[in-house]
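**Student:** If you scroll down you'll find the structure; I have some questions about it.
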Amino acid sequence: MVNVPAITKRELNTYFLSPIAYVVLTGFALAHGIMFSMALRPPLDPNNAAQWALYVPIFLLVPAMPLLTMRLLSEETNRGTIETLMTTPVSETEVVLGKFVGAFIFAVVMFLPVLGELIFLRFVGPMDAGPLLSGFLGVFLLTGQFIAIGLFCSALTRIQIASSITSFVLLLGLYFLWFLARDSAGSLARLLRYLCPPMHYADFLKGVVDTRHLAYFALTTAAFLFLTAKALELRKWR
Amino acid sequence: MLVEANELTRYYGPFLAVDAVSFGIDRGEIVGLLGPNGAGKTTTIRMLTGFLPASDGAASIAGHDVREEPVQVRRHIGYMPENNPLYPEMRAREYLGFRAELKGVPRRVRRDRIAECIELCGVGPVAGQIIGTLSKGYRQRVGLADALLGDPDVLILDEPTIGLDPNQVRETRNLIRSLSERHTVLISTHILAEAELICKRVLIIDRGRIVADDTPRALSDKTLSGAVVAEIAGDADQIGAALAKVNGVERVDAEKTNAWNTFRLATAADVDVREAVFHLAAEHGWSLRELTLTRASLEDVFHRLTLGEGAEEEP
Numbered sequence: 009m010v011n012v013p014a015i016t017k018r019e020l021n022t023y024f025l026s027p028i029a030y031v032v033l034t035g036f037a038l039a040h041g042i043m044f045s046m047a048l049r050p051p052l053d054p055n056n057a058a059q060w061a062l063y064v065p066i067f068l069l070v071p072a073m074p075l076l077t078m079r080l081l082s083e084e085t086n087r088g089t090i091e092t093l094m095t096t097p098v099s100e101t102e103v104v105l106g107k108f109v110g111a112f113i114f115a116v117v118m119f120l121p122v123l124g125e126l127i128f129l130r131f132v133g134p135m136d137a138g139p140l141l142s143g144f145l146g147v148f149l150l151t152g153q154f155i156a157i158g159l160f161c162s163a164l165t166r167i168q169i170a171s172s173i174t175s176f177v178l179l180l181g182l183y184f185l186w187f188l189a190r191d192s193a194g195s196l197a198r199l200l201r202y203l204c205p206p207m208h209y210a211d212f213l214k215g216v217v218d219t220r221h222l223a224y225f226a227l228t229t230a231a232f233l234f235l236t237a238k239a240l241e242l243r244k245w246r
Numbered sequence: 072m073l074v075e076a077n078e079l080t081r082y083y084g085p086f087l088a089v090d091a092v093s094f095g096i097d098r099g100e101i102v103g104l105l106g107p108n109g110a111g112k113t114t115t116i117r118m119l120t121g122f123l124p125a126s127d128g129a130a131s132i133a134g135h136d137v138r139e140e141p142v143q144v145r146r147h148i149g150y151m152p153e154n155n156p157l158y159p160e161m162r163a164r165e166y167l168g169f170r171a172e173l174k175g176v177p178r179r180v181r182r183d184r185i186a187e188c189i190e191l192c193g194v195g196p197v198a199g200q201i202i203g204t205l206s207k208g209y210r211q212r213v214g215l216a217d218a219l220l221g222d223p224d225v226l227i228l229d230e231p232t233i234g235l236d237p238n239q240v241r242e243t244r245n246l247i248r249s250l251s252e253r254h255t256v257l258i259s260t261h262i263l264a265e266a267e268l269i270c271k272r273v274l275i276i277d278r279g280r281i282v283a284d285d286t287p288r289a290l291s292d293k294t295l296s297g298a299v300v301a302e303i304a305g306d307a308d309q310i311g312a313a314l315a316k317v318n319g320v321e322r323v324d325a326e327k328t329n330a331w332n333t334f335r336l337a338t339a340a341d342v343d344v345r346e347a348v349f350h351l352a353a354e355h356g357w358s359l360r361e362l363t364l365t366r367a368s369l370e371d372v373f374h375r376l377t378l379g380e381g382a383e384e385e386p
């Protein structure tokens, strides 16, 4: 795992040089700001507004994360740098983790405006710290899961647009499981609901940190990272 | 053996790209892997570096099996792939720093090592520039500097001079030649002159198989029959008839110009008829002003081996 920091560092540097990353950064800040302002109506309850601010990413991350993750591996394959990368003494796992952490740190930067909004609310009135902390935990868990999914899609193709469309469709699909679950019954409905990310997200906003939800995010994220490493290894056999 | 390939085979689907290729490279050798485009050079090299797994057969570098200990193998190689892929948004020095970190160059010597490679490959003037803005020649140097960073036992360079202009080609070749003093080098190329200039040993690969393995000199010696050019004054027919009787001469072509005649004497391989021709001329009192043994160039050897044609062409 000694090579993870080197890969993370390069990934972050590349993000801050990439126009598309700035577009996503700006787009997210704008869209989040507009949606947040919708909560700013009298009577203004800072706790409700904060909950709304942390709820909004559930919509915004679906288009944002595919755009941020699409280049992670597709670009390496397309440029051929995957060959120089994989012929140094690094493992597939190190590459995948390094890129995951790099994208995650960039996503944290993307959430800075949300923090700004919450600080603004703090001046409006007193707020409960619990739901804020658990809410942020939820946001980051969701972000991690989306990055893992995006990273996996990026390992499948050398074309960035194809990668972003694939992960966008995959994320939408996961959200739509909720509709499927509504129209089905029994254990199938339970399974579909279990796989649907928003179902696990809502509790965090209420200040509840449930190990079932933690396990769900940890498992799905780890599963997609594992699949990504496998996809990288399989690339050799094509 | 520093590098060993044993019956390396690779299929792409049903297509057999490399067919049971075996060779060994000793420490200090500088070997050229020569072949036409599509012969399997890159595939062979990728299997050696572990980037592509072999369908069959095995390879080892510095005693580490490529399949069993891939990470160990990568510590011993400095590899520059075909077309030298780089990150265009990074600065040259920054890129080399990233690569040195990946290659496990210890932190305390990293700065010195990078400076050394920058110096050695002449990257200095552009070290602070963004790679995307560099000329192809400088990119190639950055790629070579990268290959050297880990002070590897073996440098593996896939088509290192492709796409460069003649001056850059010459610079790159000189650089590779100077590197070969300290490293074992395997380069692939489809340019014969390059192999002849740089390499002490040439492996000719064609349609996935090694068809020759020797020094460039030995290859041209043993593959093609030699030829002697003699310029003699006098009666062309008479001289030609006499020359044809010289032991070892298989065919005489004459070309008459004024008083002087140019004769091309085709001979069997490993036969040098120059002395006999000299004595013949001296015996008859003919003036002799040129007597040259022409060697088959590597190009002829290559042409013959890879097209499977006879040696009838002009040597």
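So the protein sequences, as listed, match chains A and B.
Basically our numbering = 1-based index in the first sequence + 8.
Basically our numbering = 1-based index in the second sequence + 71.
Using N, Cα and C, we set each Cβ at its ideal position, and we do this for glycine too.
Given the structure is predicted, the values throughout are model-derived calculations rather than measurements.
(1) Please state whether DSSP places D211 (chain A) in a helix, a strand or coil.
(2) On the DSSP bridge assignment, give the partners of F349 (chain B) in chain order.
(3) For R190 (chain A) and chain B, any beta-carbon pair shorter than 8 Å?
(4) From what residue to what residue does the alpha helix (DSSP H) around D308 (chain B) run?
(5) Would you kindly check if the distance between the Cβ of L220 (chain B) and the Cβ of K271 (chain B) is under 8 Å?
(6) Give me the residue from A:L126, A:V10, A:T165 with the minimum Cα distance to R79 (chain A).
(7) Answer yes or no: do F212 (chain A) and S99 (chain A) have a C-beta to C-beta separation smaller than 8 Å?
(8) Along the beta strand (DSSP E) that carries T363 (chain B), what are the first and last residues, could you check?
(9) Look at the alpha carbon of S358 (chain B) and the alpha carbon of E321 (chain B), and state the distance between them as a whole number of angstroms.
(10) R18 (chain A) versus chain B: which residues are under 8 Å apart at the beta carbon?
(11) In whole angstroms, what separates the C-alpha of I202 (chain B) from that of S93 (chain B)?
(12) Any Cβ of chain B within less than 8 Å of the Cβ of E91 (chain A)?
(13) Would G88 (chain A) pass as an interface residue toward chain B - the criterion being a Cβ-Cβ separation below 8 Å?
(14) Note down the Cα distance separating P97 (chain A) from G110 (chain A), rounded to an integer number of angstroms.
(15) Counting only C-beta atoms, is M78 (chain A) closer than 8 Å to chain B at any point?
(16) If we call anything under 8 Å between Cβ atoms a contact, is V12 (chain A) one with L105 (chain A)?
(17) With DSSP run on the structure shown, which of helix, strand or coil describes D97 (chain B)?
(18) If you measure beta-carbon to beta-carbon, which residues of the stretch 93-112 of chain A are closer than 8 Å to chain B?
(19) If you count every other CB in all the chains shown that lies within 10 Å of the CB of E384 (chain B), and 16 or more means buried, which is it?
(20) Give a yes or no on whether the minimum CB-CB distance between K244 (chain A) and chain B is below 8 Å.
(21) Please confirm whether T120 (chain B) has its beta-carbon closer than 8 Å to some beta-carbon of chain A.
(22) Would you check if the distance between the CB atom of G208 (chain B) and the CB atom of E242 (chain B) is smaller than 8 Å?
(23) Mind checking whether V317 (chain B) and A347 (chain B) have CB atoms under 8 Å apart?
(24) Rounded to whole angstroms, what is the Cα-Cα separation between R345 (chain B) and T365 (chain B)?
(25) Along chain B, in chain order, which residues have C-beta atoms closer than 7 Å to that of L25 (chain A)?
(26) Along chain D, which residues have their Cβ under 9 Å away from the Cβ of R182 (chain B)?
(27) Three or more C-beta pairs closer than 8 Å, one from the stretch 177-194 of chain A and one from the stretch 33-43 of chain A: is that the case here?
(28) Please name the residue, chosen from B:E187, B:V273, B:G134, B:K327, that lies closest to L250 (chain B) on a Cα-to-Cα basis.
(29) Straight-line CA distance for V372 (chain B) to G106 (chain B)?
(30) Against N11 (chain A), what residues of chain B qualify as contacts under a CB-to-CB distance less than 7 Å, listed in chain order?
(31) Flag F373 (chain B) as yes if its beta-carbon sits less than 8 Å from any beta-carbon of chain A, otherwise no.
(32) Taking the alpha-carbon of T16 (chain A) as reference, which of A:E241, A:Y224, A:V32, A:F108 has the nearest alpha-carbon?
(33) List the residues of chain B whose Cβ lies closer than 9 Å to the Cβ of T22 (chain A), in chain order.
(34) Using a Cβ-Cβ cutoff of less than 6 Å, which residues in the same chain neighbour F232 (chain A) once the five nearest sequence positions on both sides are dropped?
**Tutor:** Reading it off the structure:
(1) As a working note, residue 211 (chain A) is residue 203 in the first sequence. D211 (chain A) falls in the helix class under three-state DSSP.
(2) Counting from 1 along the second sequence, the entry for residue 349 (chain B) is found at position 278. F349 (chain B) pairs with nothing; no bridge assigned.
(3) Your numbering for residue 190 (chain A) matches position 182 in the first sequence. For R190 (chain A), the answer is no, since every Cβ of chain B falls outside 8 Å of its Cβ.
(4) Residue mapping note: residue 308 (chain B) aligns to position 237 of the second sequence, counting from 1. Here the alpha helix (DSSP H) through D308 (chain B) covers 307-315.
(5) Counted from its first residue, the second sequence places residue 271 (chain B) at position 200. Counted from its first residue, the second sequence places residue 220 (chain B) at position 149. It is not a contact, given that the beta carbons lie outside the stated cut-off.
(6) Position 71 of the first sequence, counted from the start, is the residue given in the question as residue 79 (chain A). Put simply, of A:L126, A:V10, A:T165 the residue whose alpha carbon is nearest the alpha carbon of R79 (chain A) is A:T165.
(7) Counted from its first residue, the first sequence places residue 212 (chain A) at position 204. Counted from its first residue, the first sequence places residue 99 (chain A) at position 91. No. Outside cutoff.
(8) Counting from 1 along the second sequence, the entry for residue 363 (chain B) is found at position 292. Segment 359-365, the beta strand (DSSP E) holding T363 (chain B).
(9) As a first step, residue 358 (chain B) is located in the second sequence; it is residue number 287 there, counting from the start. As a first step, residue 321 (chain B) is located in the second sequence; it is residue number 250 there, counting from the start. Whole-angstrom Cα-Cα distance: 23 Å.
(10) Indexing the first sequence from 1 puts residue 18 (chain A) at position 10. Under the 8 Å cutoff, chain B gives Y158, M161, F169.
(11) Position 131 of the second sequence, counted from the start, is the residue given in the question as residue 202 (chain B). Position 22 of the second sequence, counted from the start, is the residue given in the question as residue 93 (chain B). Rounded to the nearest angstrom, the two C-alpha atoms are 37 Å apart.
(12) Indexing the first sequence from 1 puts residue 91 (chain A) at position 83. Chain B contact via Cβ: present.
(13) By one-based count along the first sequence, residue 88 (chain A) stands at place 80. Output row for G88 (chain A): interface = yes.
(14) Here residue 97 (chain A) refers to the residue found at position 89 when the first sequence is read from its first residue. Here residue 110 (chain A) refers to the residue found at position 102 when the first sequence is read from its first residue. The alpha-carbon atoms of P97 (chain A) and G110 (chain A) are separated by roughly 20 Å.
(15) Here the question's residue 78 (chain A) lines up with position 70 in the first sequence. No, its Cβ sits nowhere closer than 8 Å to a Cβ of chain B.
(16) Here residue 12 (chain A) is taken as the residue at index 4 of the first sequence, counted from 1. Here residue 105 (chain A) is taken as the residue at index 97 of the first sequence, counted from 1. Their beta carbons are under 8 Å apart, which means V12 (chain A) touches L105 (chain A) by this criterion.
(17) If you number the second sequence from 1, residue 97 (chain B) lands on position 26. Here D97 (chain B) sits in coil by DSSP.
(18) Result list: L93, M94, T95, T96, P97, V98, S99.
(19) On the second sequence, residue 384 (chain B) is found 313 positions in, with the first residue counted as 1. Because the pLDDT at E384 (chain B) is just 40, under 50, the model does not fix this residue reliably, and the value given afterwards should be weighed accordingly. The residue in question, E384 (chain B), is exposed, as its Cβ has fewer than 16 Cβ neighbours within 10 Å.
(20) For this step, residue 244 (chain A) is matched to residue 236 along the first sequence. By this cut-off, K244 (chain A) is an interface position.
(21) Within the second sequence, residue 120 (chain B) is the residue found at index 49, counting from 1. Yes - at least one Cβ of chain A is within 8 Å of the one on T120 (chain B).
(22) For the purposes of this step, residue 208 (chain B) is identified with residue 137 of the second sequence, where counting begins at 1. For the purposes of this step, residue 242 (chain B) is identified with residue 171 of the second sequence, where counting begins at 1. The beta carbons of G208 (chain B) and E242 (chain B) sit closer together than 8 Å.
(23) Walking along the second sequence from the start, residue 317 (chain B) turns up at place 246. Walking along the second sequence from the start, residue 347 (chain B) turns up at place 276. Yes, they are a contact pair.
(24) In the second sequence, counting from the first residue as 1, residue 345 (chain B) sits at position 274. In the second sequence, counting from the first residue as 1, residue 365 (chain B) sits at position 294. Taking the straight line from one Cα to the other gives about 11 Å.
(25) Your numbering for residue 25 (chain A) matches position 17 in the first sequence. Simply E160.
(26) Reference to chain D is not applicable here, since the protein chains of this structure are A and B.
(27) The answer is no - the stretch 33-43 of chain A does not touch the stretch 177-194 of chain A, with fewer than three Cβ pairs under 8 Å.
(28) What you label residue 250 (chain B) is simply residue 179 of the second sequence in a count that begins at 1. Answer by Cα proximity: B:E187.
(29) Numbered from its first residue, the second sequence carries residue 372 (chain B) at position 301. Numbered from its first residue, the second sequence carries residue 106 (chain B) at position 35. C-alpha separation (whole angstroms): 11 Å.
(30) Numbered from its first residue, the first sequence carries residue 11 (chain A) at position 3. Neighbours of N11 (chain A) on chain B, chain order: L173.
(31) Taking the first residue of the second sequence as position 1, residue 373 (chain B) is located at position 302. So, not an interface residue.
(32) Locating residue 16 (chain A) in the first sequence gives position 8, counting from the first residue. The shortest C-alpha separation from T16 (chain A) is found at A:F108.
(33) Within the first sequence, the letter at position 14 stands for residue 22 (chain A). Neighbours of T22 (chain A) on chain B, chain order: Y158, E160, M161.
(34) Here the question's residue 232 (chain A) lines up with position 224 in the first sequence. Excluding positions up to five away in sequence, the list reads A156, I157, F160.
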